[in-house]
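K.L.:
Quick note: the sequence shown, position 189, residue 189 per the UniProt record's numbering, numbers continuous. Ideal Cβ placement from N, Cα and C applies to all residues, glycine included. Fair warning: this is a prediction, and the values are worked out from it, not measured in the lab.
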Amino acid sequence: MCVFCGSSQGNKTSYRDAAIDLAKELVAGGIDLVYGGGSIGLMGLVSQAVYHGGRHVLGVIPKTLMTPEIIGEMVGEVRPVADMHQRKAEMARHSDAFIALPGGYGTLEELLEVITWAQLGIHHKPVGLLNVDGYYNSLLTFIDQAVEEGFINPAARRIIVSAPTAQELMEKLEEYVPYYDMVASGLDWEADRLEF
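1) Could you spell out the range, first to last residue, of the beta strand (DSSP E) harbouring R158?
2) Should the segment 123-138 be regarded as contacting the segment 147-156, the criterion being three or more beta carbon pairs within less than 8 Å?
3) Could you tell me the boundaries of the beta strand (DSSP E) in which E110 lies?
4) I need the straight-line Cα distance from G53 to V75, nearest angstrom please.
5) Using the Cα positions of A89 and Q167, report the straight-line distance between them to the nearest angstrom.
6) By Cβ distance below 6 Å, which residues in the same chain neighbour S95 in space, the five residues on each side in sequence not counted?
7) Roughly how many angstroms separate the alpha carbons of E148 and F98, rounded to a whole number?
8) Taking only three categories from DSSP, how would you classify E171?
9) Helix, strand or coil for S95? Go by DSSP, reduced to three states.
10) Taking DSSP's pairing of strands, which residues face Y35 in a bridge?
11) What residue range does the beta strand (DSSP E) around E77 cover?
12) Can you give me the C-alpha to C-alpha distance between T67 and P80, rounded to a whole angstrom?
13) Which same chain residues, not among the five before or five after A23, have their C-beta less than 6 Å away from its C-beta?
14) In whole angstroms, give me the CA-to-CA distance for L108 and L101.
15) Between N137, R16, W117, which lies nearest to P178 when the distance is taken from Cα to Cα?
16) Buried or exposed: where does S39 fall if 16 or more other Cβ atoms within 10 Å of its Cβ makes it buried?
17) Taking the alpha-carbon positions, what's the L42 to Y176 distance?
18) Residue 230 lies in the alpha helix (DSSP H); which residues open and close that run?
19) On the CB-based measure, 16 or more other CB atoms within 10 Å of its CB, does N11 come out buried or exposed?
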């Protein structure tokens, strides 16, 4: 499972609690973690809890970000990469699904890229939003507005699965079927070249 999340813990304890709950769900389900490296913020909470729960943790981090302030005491396997683009491709290649916890610009950028890749048929992996305390409500409203205004195909809206708790989200991801196959049919992305 690839988890995108903030390098800070946010202002609410519910964000930290959700990160720990997600880690517990991953451990209980026998699911390994792929994440953006680092030991700070929600990233640190999730990675440490999954690692201490006995699951494999793969942190993918650009060499430029490998400073003591960011990586601190990382756990599990660390895979340095050249840049942010390679980081996302490497994380996607080692994941069967994606979950976004609350986060900032980086989390949103990672999330929107894997949604776009799904829309284009580059992957058919589920993309989940852990919508803690309605954190992603505005984003979901924006996406619904884009569907209504004709900028996003209604079938592509189904790419995103969301739930307010880790347990509910994991259940939805387990039941996920990619209903959007016809959104970008007929494209050949040469997946080997994209390193998936």
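P.N.:
The short version:
1) Within the sequence shown, residue 158 is the residue found at index 158, counting from 1. Where R158 is concerned, there is no enclosing beta strand (DSSP E), given that its DSSP letter is neither H nor E.
2) By the Cβ criterion, the segment 123-138 is not in contact with the segment 147-156, since fewer than three pairs of Cβ atoms, one from each stretch, lie closer than 8 Å.
3) Counting from 1 along the sequence shown, the entry for residue 110 is found at position 110. Counting along the chain, E110 falls outside any beta strand (DSSP E), though it belongs to the alpha helix (DSSP H) covering 105-119.
4) If you number the sequence shown from 1, residue 53 lands on position 53. If you number the sequence shown from 1, residue 75 lands on position 75. Distance between the alpha carbons of G53 and V75 is about 12 Å.
5) Translated into the one-based positions of the sequence shown, residue 89 becomes position 89. Translated into the one-based positions of the sequence shown, residue 167 becomes position 167. Each residue's alpha carbon lies about 27 Å from the other.
6) Here residue 95 is taken as the residue at index 95 of the sequence shown, counted from 1. Counting only Cβ-Cβ distances below 6 Å, and skipping sequence neighbours, we find C2, V34.
7) In the sequence shown, counting from the first residue as 1, residue 148 sits at position 148. In the sequence shown, counting from the first residue as 1, residue 98 sits at position 98. The C-alpha of E148 lies about 25 Å from the C-alpha of F98.
8) Taking the sequence shown and counting its residues from 1, one reaches residue 171 at position 171. DSSP places E171 in helix when its eight states are reduced to three.
9) As a position in the sequence shown, residue 95 is number 95, starting the count at 1. Correct three-state label for S95: coil.
10) Counting from one through the sequence shown, the residue named residue 35 turns up at place 35. When DSSP reads this structure, Y35 sits in a beta bridge with V3, G59.
11) Within the sequence shown, the letter at position 77 stands for residue 77. Where E77 is concerned, the enclosing beta strand (DSSP E) stretches over 77-81.
12) By 1-based counting over the sequence shown, the position of residue 67 is 67. By 1-based counting over the sequence shown, the position of residue 80 is 80. About 12 Å.
13) As a first step, residue 23 must be located in the sequence shown, where it is residue number 23. Apart from the 5 residues on each side of it in sequence, A23 sits with its Cβ closer than 6 Å to the Cβ of V46, A49, V50 in its chain, given in chain order.
14) Numbered from 1 along the sequence shown, position 108 holds the residue referred to as residue 108. Numbered from 1 along the sequence shown, position 101 holds the residue referred to as residue 101. For L108 and L101, the gap between their C-alpha atoms comes out near 10 Å.
15) Locating residue 178 in the sequence shown gives position 178, where the first residue counts as 1. Out of N137, R16, W117, W117 has the C-alpha closest to the C-alpha of P178.
16) Walking along the sequence shown from the start, residue 39 turns up at place 39. Buried, by the Cβ-count rule.
17) On the sequence shown, position 42 is the one that residue 42 refers to. On the sequence shown, position 176 is the one that residue 176 refers to. Taking the straight line joining both Cα atoms gives about 25 Å.
18) With the chain running from 1 to 196 in the structure shown, residue 230 is simply not present.
19) The residue given as residue 11 occupies position 11 in the sequence shown. Burial check for N11: the Cβ neighbour count within 10 Å stays below 16, so the residue is exposed.
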